[in-house]
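**Student:** Numbering (this note's numbering), first residue to last: 298 to 374.
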Amino acid sequence: EYLNEEKIFNFTTQIYINTRLYSNPQMLLLYKNMRKYDNGELTEAKLYEEIRKALNMSSSRAKLELDSLKRVNNDSS
Numbered sequence: 298e299y300l301n302e303e304k305i306f307n308f309t310t311q312i313y314i315n316t317r318l319y320s321n322p323q324m325l326l327l328y329k330n331m332r333k334y335d336n337g338e339l340t341e342a343k344l345y346e347e348i349r350k351a352l353n354m355s356s357s358r359a360k361l362e363l364d365s366l367k368r369v370n371n372d373s374s
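(1) Would you report the Cα separation of residue 305 and residue 357, rounded to the nearest angstrom?
(2) Just checking my contact of residue 352 with residue 323 at CB under 8 angstroms: how many whole Å lie between their CB atoms?
(3) Is the beta carbon of residue 308 closer than 8 angstroms to that of residue 344?
(4) Taking the C-alpha atoms as reference points, what is the distance between residue 340 and residue 346?
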């Protein structure tokens with residue numbers, strides 16, 4: 298499933314809220330990397346990889362992060 302601009306913004310905001318321990322530069326890097334995708338190009342798999350790289354997480358931690366984001370986004374829609 299492709300993520301539109303609004304979903305990307307929601308995901309990014311939620312990551313920031315969920316992971317206050319991360320520094321702003323890491324969040325900015327994540328957001329910048331997500332923005333390089335054209336609208337409709339960013340899939341959940343790519344988002345997961347960007348979260349993992351920018352926040353320097355293990356694969357399992359990034360997967361947990363993405364799963365919790367999906368739950369939050371599904372609840373809010």
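Heads up, the beta-carbon is just placed ideally off N, CA and C, and yes, glycines get one too.
**Tutor:** Taking the structure as given:
(1) 21 angstroms
(2) 6 angstroms
(3) yes
(4) 10 angstroms
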